[in-house]
Amino acid sequence: MINLKLLQKDFDGVSAKLTRKGVSSELLSTLKEKFEVLKTAKAEFERYQAARNAMSKEFGVYKREGKDINELKARIEENNLKVDAALEVQREAQVALETLAMTVPNMPDDTVPDGADENDNIEIKKVLMPKEFSFTPKEHWELAEENGWIDFERGVKLATSRFSVSFGMGARLERALINFMLDFNRGRGFEEVSVPALVNRQSLEGTGQLPKFEEDLYKMDGLDLFLIPTAEVPVTNLYSDEILTAGELPKKMTAYTSCFRKEAGAAGRDTRGMIRQHQFHKVELVAMTTPEKSEEVFDEMVNCASDLLTALELPHRLVNLCTGDLGFGAAHTTDLEVWLPGQDQYREISSISNTRDFQARRAKIRYKDGKKNTFVNTLNGSSLAVGRTLVAIMENNQNEDGSIDIPEVLKPYLGM
RNA sequence: GGAGAAUUGGGUGAGCGGCUGAAACCACAUCCCUGCUAAGGAUGCGUACGGGUAACUGUACCGAGAGUUCGAAUCUCUCAUUCUCCA
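Under the numbering used here, read the first sequence as residues 123 to 538, first letter to last.
Right, here's the structure in full:
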């Protein structure tokens, strides 16, 4: 949630930032107006309420002293009508404001480049150079089927399109990757947590998936529960509505979960293979920090994910997402893109974002800093998307005969 | 599935119509005393929003929502969660 007080105080500043994210300044001035309407309505209500409280107190005194209460009672009743009316006005103003405010994305940092889509992202650096192949490298679905690692048809049979099944070494590699990633992250100071795959509406509002992106989520029939699109949702919301102590920060966590996405609007994109599935495995990093420390922790997270790829000997690059590609809640995001020789391009394998206090404000995650309470900064990032990592291993480690070399770091996990 | 009980501030827990935003204890913070792997004393200490330079002050919040009442943490109803007992 954006800071409405800041919007009120520095409308032009906030407006300038949000215009870069495509938010119209008309919407923002409506928001500002609604905020002021609410404040006025609240003040009005509180005046009548204060009068009621005072008169009720007086009532008690009258009763005790045996005075006649009829006149006072009439005054109270008259005032009560105003209280009720004012409360109704205030409620409406509240709902109107919240409905609108929840749909406004986070303000991008000044370091975020302007741009329309992923083509305008700025490359930060490359890590490990792609190797030259003496043959034409194949795409992963070909390799996966040749090796019997992934069965796309049977996934469709069991569920629907964009579901797949891993067999044998494919399945074992997934498991090895998950364990390797969790251990690696733990070595970098991230505490492992295991969380529910179903969450309620409130949690999704806290991290920003709702109310705007409900069509991307799988919802349980007849229940207000959704399958998580990322572990970011349950892990970030672990501390919603809580006040942490400064000493507990930074809180660094890592979790493995399956993730579920409808991929609405992705029809026709990556329909082959396992780049874009409805269900996929992901190991996630989530951190909560003081505002002062959040960039430091952000760098730790980026390095963690990048070093993970390096450990797996996978060439990749870091890109700074432009305004058009930036997510709803992010103030800035660095994507890690892994080289896929079969596709002859870099593809996203991790996305690391600092949401600053945007999610904390929605989910009410605060910490006590001496006397006052402050919203924490929340950060999240994948380390890594397991399926895509498997894809990258297949494509980068393929031999001319179609066999695939196992990365050294995974061998202990496979009993090799 | 049925019957009961519970849900209070960071924690434990009292309160069961106005004197309660809430006792007490613990934790925490500051100060004093003391001098050694610790104890004692004093004071402060919920959250959110608003007004005020500030001291301070208004409103709301005692699981959630609705109701009764001049007035509700306290009474009633609905829901959620937890616990105990019974099938």
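Even glycine gets a Cβ: it sits at the ideal position worked out from N, Cα and C.
Have a look at residue i and residue j and give me their C-alpha separation to the nearest angstrom.
| i | j | result |
| --- | --- | --- |
| Ala207 | Ala176 | 19 Å |
| Leu250 | Asn518 | 12 Å |
| Ala485 | Thr455 | 20 Å |
| Val423 | Gly330 | Inspection of the sequence shows that residue 423 is occupied by Met rather than by Val. Roughly 21 Å separates the two Cα atoms. |
| Val136 | Lys156 | 16 Å |
| Gly388 | Ala298 | Residue 388 is actually Ala in this sequence, not Gly. When rounded, the distance between both Cα atoms is 29 Å. |
| Ala173 | Leu126 | 29 Å |
| Leu326 | Glu267 | 37 Å |
| Thr411 | Pro534 | 34 Å |
| Thr477 | Tyr361 | 16 Å |
| Glu210 | Leu222 | 19 Å |
| Ser380 | Glu200 | 59 Å |
| Asp527 | Val460 | 17 Å |
| Leu506 | Ser472 | 6 Å |
| Gln467 | Asp232 | 29 Å |
| Ser428 | Gln465 | 21 Å |
| Ala196 | Arg169 | 18 Å |
| Ala453 | Ser475 | 7 Å |
| Gly328 | Lys384 | 20 Å |
| Ala386 | Glu337 | 7 Å |
| Arg510 | Gly344 | 33 Å |
| Asn269 | Ala433 | 24 Å |
| Ile515 | Lys415 | 34 Å |
| Phe133 | Cys426 | 38 Å |
| Pro437 | Val278 | 31 Å |
| Asn243 | Leu443 | 5 Å |
| Thr162 | Thr152 | 15 Å |
Shortest alpha-carbon distance to residue i belongs to which of the options?
| i | options | result |
| --- | --- | --- |
| Leu129 | Val217, Ile526, Leu349 and Met229 | Met229 |
| Lys374 | Arg391, Thr393, Ala507 and Arg310 | Arg310 |
| Leu401 | Gly387, Glu417, Leu434 and Tyr340 | It is Gln, not Leu, that sits at residue 401 in the sequence shown. When only C-alpha atoms are compared, the closest one is Tyr340. |
| Lys154 | Val226, Arg186 and Glu199 | Val226 |
| Thr445 | Pro372, Phe274, Pro235 and His438 | Pro235 |
| Lys143 | Gly451, Asn521, Tyr468 and Thr432 | Gly451 |
| Val531 | Ala215, Glu275, Ser178 and Leu295 | Leu295 |
| His403 | Ala453, Arg323, Val498 and Val287 | Val287 |
| Glu264 | Asn301, Met396 and Arg276 | Met396 |
| Gly369 | Gly503, Arg488 and Lys384 | Arg488 |
| Leu149 | Met224, Leu436 and Phe181 | Met224 |
| Asn241 | Pro529, Asn521, Ser416 and Arg469 | Arg469 |
| Phe306 | Leu194, Ser504 and Met538 | Ser504 |
| Asp479 | Asn243, Glu417 and Lys164 | Glu417 |
| Asp457 | Lys247, Met538 and Pro529 | Lys247 |
| Ala238 | Leu430, Phe257 and Gly449 | Gly449 |
Let me confirm a value: residue i is counted as buried when at least 16 other C-beta atoms fall within 10 Å, else exposed. Which label applies?
| i | result |
| --- | --- |
| Lys189 | exposed |
| Gln399 | buried |
| Leu536 | exposed |
| Ile124 | buried |
| Phe274 | buried |
| Asn495 | exposed |
| Val508 | buried |
| Lys139 | buried |
| Pro333 | exposed |
| Glu214 | exposed |
| Phe312 | buried |
| Val183 | exposed |
| Phe382 | buried |
| Asn192 | exposed |
| Asn521 | exposed |
Using a Cβ-Cβ cutoff of less than 8 Å, which residues in the same chain neighbour residue i once the five nearest sequence positions on both sides are dropped?
| i | result |
| --- | --- |
| Leu320 | Met342, Leu347, Phe348, Leu349 and Ile350 |
| Ala377 | Glu314, Val315, Ser316, Val317, Ala353, Pro356, Val357, Val405, Glu406 and Val408 |
| Leu366 | Lys373, Met410, Ile487, Arg488, Tyr489, Lys490 and Val498 |
| Leu304 | Glu314, Thr376, Tyr378 and Val405 |
Please return the same chain residues whose Cβ sits closer than 7 Å to the Cβ of residue i, not counting the five positions on each side in sequence.
| i | result |
| --- | --- |
| Pro463 | Pro252, Phe255, Pro259, Glu517 and Asn518 |
| Leu219 | Lys156, Phe157 and Leu160 |
| Arg391 | Arg398 |
| Gln171 | Val205 |
| Ser147 | Ser137 and Thr141 |
| Arg323 | Leu332 and Asp346 |
Residues in its own chain within less than 6 Å of residue i by CB, not counting five upstream and five downstream?
| i | result |
| --- | --- |
| Gly292 | Trp271 and Ile272 |
| Thr500 | Thr358, Met410, Thr477, Gln481 and Ala482 |
| Glu245 | Arg439 and Val441 |
| Glu166 | Ala208 |
| Gly524 | Glu268 |
Verify the contact flag: residue i, CB atom, against every heavy atom of the ligand SAH, threshold strictly below 7 Å.
| i | result |
| --- | --- |
| Arg439 | Judged by which ligands are present, the structure shown has none, so any question about the ligand SAH falls away. |
Worksheet item: Taking the runs of the alpha helix (DSSP H) that are 4 residues or longer, which of them lie wholly in the region 240-281?
Response: 262-268 and 274-280
Fill in: Completely contained beta strand (DSSP E) runs for the region 452-531, where each covers 3 or more residues
454-462, 467-476, 487-491, 494-497 and 499-507
Worksheet item: For the region 369-402, which segments carrying the beta strand (DSSP E) assignment without a break, of at least 3 residues, lie completely within its bounds, in sequence order?
Response: 373-382
Worksheet item: Which runs of the beta strand (DSSP E) spanning at least 3 residues fall entirely within the region 313-359, listed in chain order?
Response: 313-315, 320-322 and 347-349
Worksheet item: Which whole runs of the alpha helix (DSSP H) in the region 430-454 are 4 residues long or more, in chain order?
Response: none
Worksheet entry | Complete runs of the alpha helix (DSSP H) confined to the region 129-172 [at least 4 residues] | 133-141
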